[in-house]
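Each step along the sequence shown adds one to the number in our numbering, with nothing skipped, and position 13 is 19. Have a look at the structure below, then the notes.
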Amino acid sequence: MRNDLGGAMIERAVELHGTHTVNRVWEDVSLLPSRAEIADPDAWVRRLHQD
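In structure tokens, the structure reads:
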């Protein structure tokens, strides 16, 4: 996996859903994105909103 994918995923998630959503990973490490979610930021954000 390329390192820039993670950065691009974070940028996209912040762009679409705001910093507050992305910052939730600091609450619980289980909220970190999976490999599949890195390729699909919207899937990751949907999971974050389920909690």
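Note that beta-carbon positions come from the ideal geometry of N, C-alpha and C, so glycine has one too.
| Item | Value |
| --- | --- |
| 8 Å Cβ cutoff met for A14 and W50 | no |
| C-alpha gap between R53 and D10, whole angstroms | 22 Å |
| Pairwise C-alpha distance: H23 and E43 | 15 Å |
| Beta-carbon proximity of V58 to L38, cut-off 8 Å | The structure shown has nothing for residue 58, since the chain only spans 7 to 57. |
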